[in-house]
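**Student:** Submitted below is the structure of interest, expressed as structure tokens.
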Amino acid sequence: MERDVNNLMQSALELDRRIAEQLLNQYPSIKVIAGDLLEKKHVVGIRILTGAEPREFTCYYDGFYAQEYKEGLQGDIKVELMPNFSCKPIIEMTENSLSTMLDDEQAFLEQPFVTLQKYLPEIALKFKA
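See the structure below:
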């Protein structure tokens, strides 16, 4: 059964939260290493290539945790990496890649870094001007 892109995004948001929780439990030192990043709000663009018109979304993060997404690329895309240094990332992938990643949920929860590495060739990271 083919999933609607909005349903895929909602599932991705929920999986993102579970992965974040698992990572912080499994690797508590992340809190020390990425302390500043975990205390800030971030906004990331997502572009899903559907074969027809690409679908664009804006995802809002509170530190490490995905909070919500909105349809369309909003003007507030921003990730502050360091004081006075921020970027406007847009993650681009196909609808099929997103669907396959969601089907691989257990692998993401058990071995997040290894599983992410498996999917990196299918993901493009672009930056908004």
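Sequence positions in the sequence shown follow the numbering used here and run 307 to 435.
Positions of the beta carbon are idealized from the N, C-alpha and C atoms, including for glycine.
Quick one: which unbroken alpha helix (DSSP H) runs of 4-plus residues sit fully inside the stretch 310-371? Chain order, please.
**Tutor:** As far as the stretch 310-371 is concerned, its whole alpha helix (DSSP H) runs of at least 4 residues are 311-332, 336-339, 341-344.
**Student:** What are the start and end residues of each continuous alpha helix (DSSP H) run of 4 or more residues lying completely inside the stretch 362-417, in chain order?
**Tutor:** Complete alpha helix (DSSP H) runs here, min 4: 401-409, 411-416.
**Student:** According to the Cβ coordinates, are I325 and E401 closer than 8 Å?
**Tutor:** Sequence index remark: in the sequence shown, residue 325 carries index 19 (1-based). Sequence index remark: in the sequence shown, residue 401 carries index 95 (1-based). Result no, Cβ atoms of I325 and E401 do not sit closer than 8 Å.
**Student:** Buried or exposed for A358, please, with buried defined as at least 16 other CB atoms from any protein chain shown within 10 angstroms of its CB.
**Tutor:** By one-based count along the sequence shown, residue 358 stands at place 52. Classification for A358: exposed.
**Student:** Got a sec? Which residues, its chain only, sit under 6 Å from A413 by beta carbon, not counting five neighbours each side?
**Tutor:** For the purposes of this step, residue 413 is taken as residue 107 along the sequence shown, with counting starting at 1. Same-chain partners within the cutoff: T421.
**Student:** Once you ignore the five residues that flank M307 on each side, which residues in its own chain have a CB closer than 7 Å to its CB?
**Tutor:** Within the sequence shown, the letter at position 1 stands for residue 307. Low confidence applies to M307: its pLDDT is 34, below 50, so where it sits in the model is not reliable enough to give any reading.
**Student:** E308 by DSSP, collapsed to three states: which one?
**Tutor:** Along the sequence shown, read from residue 1 onward, the residue named residue 308 stands at position 2. Legend: pLDDT at E308 = 45, less than 50; position of this residue unreliable, value from coordinates given subsequently. Coil.
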